[in-house]
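Notes follow once the structure below has been shown.
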Amino acid sequence: MQHRGRHRRRRRGRALRAVLAGAGLALTAAATLISTSQAEVADDPGALQPLTSRADLDRLGLREEPVPASTLDRLASHMGRPVGVEAVLERADRTLRPADDCPAEETEALPVKPAATRAYCWAPVDADDSAWQPESVATSGDGGTDGRGGSRRVLLSGWTHHGGGPYRDLARVAFVDADDPERPSYSWALLAVPVDGGRDFRGLTAHVTGMVWYRDKLLVTTSGGEPEALYVYDLDRIQRATVDSDAIGRVPGGWSAHGYHWVLPAVAAYRPTTGSCARADRGPSGGDPSGPACPTGLSLDSGSASASLVLSESAPRGSGRHTLLWRYAFSADPARSGLLAADATGTVTATEAYKTKTDGVRGVLAHRTGPAGPTDWYLGRPAGPHGEHGTLWRQNTHGSRTTECGTSDDTRHCWGDGRGSLAYWRQTGEVWSLSGRMLFAVPLPEVERELG
């Protein structure tokens, strides 16, 4: 099992120095952006184009497939009574390091303008393991009205195993206790899928490209392995592992979760109503414009009258196709907390959809700045093959803007590496994301200031 790390006491000025260090590193990175050869500049994608035809909307339909309650109950009867997020945080045994304690090769990935006001790197045992890569982030700001998971402020980060062997594409989630901004602590949980009617479980094998914590559920977009469009996890149904080994599932003497204390078994999956999201079925360019839309990005829009799930399917870079953006409503039924609104047949339909010329999108976020204003969509796009920094676009039905820095033709590449998902913590006004192996936050007003 993981060993409990020692927590050092930090001075109150540590968090502020982390901000200043991040800003200084951002200025250093800005100086490297003068060369136009470092990254290709994306053409202005213009305004979002609404999709209203039946054929376009049918591509976005999902079918809800819940895991039978008997399966979940059987698994719990074997593994023990499930616990919630608080129990996981109580056993947090690793510690995030503020930016001024992180290696320069990690902090160089932070955004240039706007600069991160909070930034962290992971414990060395995780930061030095190149097989595992962070891909997505969610916050307890999505989970409750006060932005807390139970009595704590919590961040979640989804990672995928990119190495070879039997654990390729394995998925895990870091539960981060963020109440102490100077030294957040965290613990790992394995994402899993019940099998054999709840008598066993297997690891989820997919890239966790997007995550949303809404009420008591964690929704996860997957790509590169599992064919399902979305997985749903119940944050009140976290199971304990009892055996410390690399194995996954039932083992002699109990249950193993690849060396982690905790297991999150899926409680539902959403699959396309037509076709398959398996990437092997979608052609060499990574997508089929006539097939079902397969989400690669995910976030929560909590700024509208009612919260909704926003998604993206990115067109492959240089393909000439459009990226799709759309949203689903959540169910208003208290018995279906955190699940999507579905009809009597379990079919979920999109409530709004657009297309954009921005390709290669990794992170997506939708936010309405005022009751009378348009909804803005923020799209994170990685740098080109020779670049270090990505681009953050803001688009709506009226046009598009992007952050700028420097004075050369490369002025738009100011964001982080653009490979992490985006999450808005509405109680603090911060946008959280990942760049390289850094976890960081930028106030949304600072993003808007740079956008002009």
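Going letter by letter, the sequence shown gives residues -31 to -1, 1 to 421 in mature numbering (1 follows the signal peptide of the UniProt record, and there is no 0).
Where is the CB? At the ideal position from N, CA and C, for every residue including glycine.
- Just so you know, the alpha carbons of residue 276 and residue 353 end up roughly 34 Å apart.
- Residue 149 and residue 72 have their alpha carbons spaced roughly 21 Å apart.
- The DSSP-derived three-state label of residue 134 is helix.
- Look at residue 305 here: in three-state DSSP terms it is helix.
- Just measuring C-alpha positions, the residue of 124, 139, 123 sitting nearest residue 130 is 139.
- In chain order, 111, 395 place their CB closer than 7 Å to the CB of residue 271, counting only its own chain and leaving out the 5 sequence neighbours on each side.
- Contact annotation: residue 240 and residue 298 have beta-carbon atoms that are not nearer than 8 Å.
- Take the alpha-carbon of residue 399 and the one of residue 29: they are about 29 Å apart.
- Counting only residues of its own chain and dropping the five nearest sequence neighbours on each side, residue 36 has a CB closer than 7 Å to the CB of 163, 235, 236, 237.
- By the beta-carbon neighbour count (other beta carbons within 10 angstroms, threshold 16), residue 372 is buried.
- Residue 190 is positioned such that its CB atom lies closer than 8 Å to that of residue 265.
- The Cβ atoms of residue 369 and residue 15 sit closer than 8 Å to each other.
- Annotation for residue 103: the continuous beta strand (DSSP E) segment containing it runs 101 to 108.
- Comparing alpha carbon positions, the residue from 153, 39, 90 closest to residue 60 is 153.
- Its chain contains 20, 318, 319, 322 as the residues whose beta carbon lies nearer than 8 Å to that of residue 26, once the 5 sequence neighbours on both sides are disregarded; these appear in chain order.
- Distance between residue 362 and residue 280, taken at the CA atoms: about 16 Å.
- Under the three-state reduction of DSSP output, residue 21 falls in the coil class, being neither helix nor strand.
- Residue 181 sits away from residue 173, with the two beta carbons spaced by 8 Å or more.
- When DSSP reads this structure, residue 161 sits in a beta bridge with 172, 234.
- Looking at the backbone, the Cα of residue 383 and that of residue 261 are separated by about 33 Å.
- Sequence-distant Cβ neighbours of residue 122 in its own chain, meaning closer than 7 Å and more than five residues away, are 109, 116, 147, 148.
- Inter-residue distance for residue 79 and residue 421 is about 21 Å (C-alpha atoms, whole angstroms).
- Look at residue 270 here: in three-state DSSP terms it is strand.
- Inclusion of residue 346 and residue 106 in the CB contact set at 8 Å is not warranted, their separation being larger than that value.
- In this structure, residue 89 keeps its C-beta atom at 8 Å or more from the C-beta atom of residue 58.
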